[in-house]
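Residue numbers (the working numbering), protein chains in the order written: chain L, 12 to 613; chain D, 20 to 201. Just so you know, even glycine gets a beta-carbon here, dropped at the ideal spot from N, CA and C. This structure is a prediction, so every number in the text was calculated from the model and none was measured. Reading through the structure tokens given below for one structure.
In structure tokens:
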């Protein structure tokens, strides 16, 4: 086995920035990362054992302990719960004889919860040995487990062609559905792939390209909304031996899945966007960080990169432009929401724990391996080729003044037609609800758990960077849902699970808030508990990154917009009650030492 | 203006926060002009002799005596301040919070490496002793706390600024740098 591990390490030239790949490979061979492998990595890479272990423990899909032969990661997003996750979980537990979060006694099955895997429009979904299974039912679970027990391979359990579009290609072979319900400027097939690179790039200077992007006023589609043209301008000015273009495909915000669809149907435009970005800022290194959940797209995407190399769209002197050398490598993540934050993503690309960096310096000055680095979202990069071909004016003509172009929404939850909807910025929530067939709606979560939970009084508001900004996640909740115990609780648990633990505020406060929130749900809350939730949430704003800063949003926005749900639960007339009970709290110690509690007061 | 009255206590703490109060150096002379101390380890007054304006609590609650003391403060003080990590979060004593209390007591009195002198294998259970709580509680989980001054210990300047703000009724200046995590 040692030879095998050494071979894996050798495959990556003992480059410690490729630790994630090595761990993936080791896990593929052994089933988990055992202590012997860690020791070999430690000796060969000169990284301490604890450093390797902290990387393993950071990512959801690595394990330092033996896993099952078949490992089932069942999505626990709120939409999954709404569409029957409970029954599916019960079925898995029964059929596999295992409890969630563990490996069965016979070592055959591992069953684990996992945060949103980007399949919100086809829940409940699970990753089983790297393959995606969507729209699970107890019946289907029975079928899958029985077939696996009969020695049928996991690949053969996928209903071939079920997914439609390019999901049916042999390179992908997935049951995942695109569910594109509305196409706009980006998702229409009115663009010949690589047209810009082939015909336009050599005619324009990098500065001219950046100017067009700046004039289009396109802003980052990942959620933060930084103007792309300005970012590129900074990148152009920054000095470094190398420069780096990173495509952020770590789509982790629960409820968003549009990058998955873009990468399935339009990856050429994403890669071309990266080539154009590289030309503009003078970059030579390209990286696409693909979340582990989308591993089923990896071979397919690599195949497209190979084709691009064959056509001289990657490599040296691209498009005949002297000294324009650029290539793209796809890095597979390993399961961590926080890696969608650009500096955490860069840390992860360097083979480390994905903990956000302190800023400044910003990635555009010192990013990947301290080289000037541009990190752009999949959707942003995919928009670039059309912007160059059709012109900035065309793009500015779409959307509204501050938010130009279109936005691809990932719509899920209580509606007739969940899926992908491309709309112009400035579209109202009401129109979105009408579009996807959503009736009797109680609330809409705009922008995922880190966004806002809004009620009907806000349905007239518009999606835009100046009104309701969103990375694209729209989750709809009907009248029948319990917003607090089902939705807000699920989101708080998500933030507790996904905190990287670096800042004490984000490590602790969501758990503290959840506890107080639970007190209210249990009917033990008082008025001051609501005030505490509001005030304590403020503390999270001092966290280093967006995850920590927004981790209280499920609570604060639900209090703002659904205050009556809280007021209904608290004990009336009591201003303050910590709920502390001396009698209860000394029970254990008194029984441990064998004495009667003496509950006198001073 | 009549002098405001202050009381302090150290519950499950290390007295480090009290040391930090003293660390306001010569400003303590100014403070004495502004306030009068009542129940406090600083002047060794054991029981409240009058109603107090501001109570300052160091340390959280690890036993029943801490709880009684804290409630005693709450009843006798208009304003209660949690001073420092232990009062606010439980601090170092709260490291035991993940361990069942029986295991803690066994380790401390029966199984640990330093229990050789406990030849009779006694876990203290005299009725006179305070009862140990199942976990260490921050003060605000027991009584209402009005203000929190974080730090381990909180810087003397912070304590001073907070007291001055309270005593003069002015707003405290808390720029981002003071509360930023790193």
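Item	Value
Taking the alpha-carbon of residue 582/L as reference, which of 540/L, 603/L, 569/L, 567/L has the nearest alpha-carbon?	540/L
Is any beta-carbon of chain L found at less than 7 angstroms from that of residue 150/D?	yes
I want to see whether chain L comes within less than 7 angstroms of residue 69/D, judged by CB atoms only; does it?	no
Would a check of beta-carbon distances place residue 98/D closer than 7 angstroms to chain L?	no
So with Cβ pairs under 7 angstroms, would you call residue 144/D a contact of chain L?	yes
Please list the partners that residue 195/L has in chain D, where partner means a Cβ-to-Cβ separation under 9 angstroms.	Residues of chain D passing the Cβ test: none, with the nearest at roughly 40 angstroms.
Would you give the residue range spanned by the beta strand (DSSP E) that residue 144/L belongs to?	142 to 144
So, is the C-beta of residue 83/D closer than 7 angstroms to a C-beta in chain L?	yes
Can you list, in chain order, the residues of its chain whose CB lies under 6 angstroms from that of residue 220/L, leaving out five sequence neighbours each side?	291
Determine the extent of the alpha helix (DSSP H) in which residue 106/D is found, giving its start and end residues.	103 to 108
If the cut-off is 9 angstroms on Cβ atoms, which residues from the segment 34 to 46 of chain D count as contacting chain L, listed in chain order?	none
DSSP three-state call for residue 542/L: helix, strand or coil?	helix
Is DSSP giving residue 49/D helix, strand or coil here?	helix
Using a threshold of 7 angstroms, state whether the C-beta atoms of residue 562/L and residue 517/L are closer than that.	yes
Would you check if the distance between the CB atom of residue 197/L and the CB atom of residue 417/L is smaller than 7 angstroms?	yes
Between residue 355/L and residue 556/L, how many whole angstroms is the CB-CB distance? I'm expecting something under 8 angstroms.	7 angstroms
Is residue 185/D close to chain L? Criterion is C-beta to C-beta, closer than 7 angstroms.	no
So which residues on chain D does residue 174/L lean against when the C-beta distance must stay under 9 angstroms?	Those do not exist, as residue 174/L stays about 44 angstroms from chain D at its closest Cβ, beyond 9 angstroms.
Cα-Cα, which of 122/D, 81/D, 130/D is closest to residue 109/D?	81/D
When DSSP labels each residue in this structure, what does residue 55/D get in the three-state scheme?	strand
Got a sec: which bits of the segment 83 to 116 of chain L sit with their beta carbon under 7 angstroms from any beta carbon on chain D, in order along the chain?	none
Tell me, please, whether the CB atom of residue 556/L is closer than 7 angstroms to any CB atom in chain D?	no
Which partner residues does residue 326/L have in the DSSP bridge list?	337/L
Whole-angstrom Cβ separation of residue 193/L and residue 446/L, contact assumed at under 8 angstroms?	7 angstroms
Any residues in the segment 598 to 610 of chain L with a beta carbon nearer than 9 angstroms to a beta carbon of chain D? Which ones, in chain order?	598, 599, 600, 601, 602, 603, 604, 605, 606, 607, 608, 609, 610
Strictly below 7 angstroms CB to CB, what residues from chain D border residue 596/L?	152, 153
Quick one: Cα of residue 336/L to Cα of residue 204/L, how far?	20 angstroms
So, does the segment 568 to 585 of chain L touch the segment 383 to 390 of chain L, judging by three or more C-beta pairs under 8 angstroms?	no
Once DSSP output is grouped into helix, strand and coil, what is the label at residue 127/D?	helix
Between residue 591/L and residue 537/L, which are expected to be in contact by the criterion C-beta below 8 angstroms, what is the C-beta distance as a whole number of angstroms?	In fact, because the Cβ distance is near 13 angstroms, the residues do not count as touching under 8 angstroms.
Distance check for residue 194/D and residue 242/L, CA to CA, integer angstroms please.	29 angstroms
Taking 7 angstroms as the CB-CB limit, is residue 140/D close to chain L?	no
Starting from residue 421/L, follow the beta strand (DSSP E) in both directions and report where the run begins and ends.	417 to 424
For residue 92/D and residue 129/D, what's the separation of their Cα atoms in angstroms?	35 angstroms
Just to make sure I have the definition right: I need the residues of chain D whose C-beta is within less than 7 angstroms of the C-beta of residue 593/L. Which are they?	83, 86
Within 10 Å of its beta-carbon, does residue 622/L have 16 or more other beta-carbons around it, so buried, or fewer, so exposed?	This structure cannot settle anything about residue 622/L, because the visible part of chain L is limited to 12 through 613.
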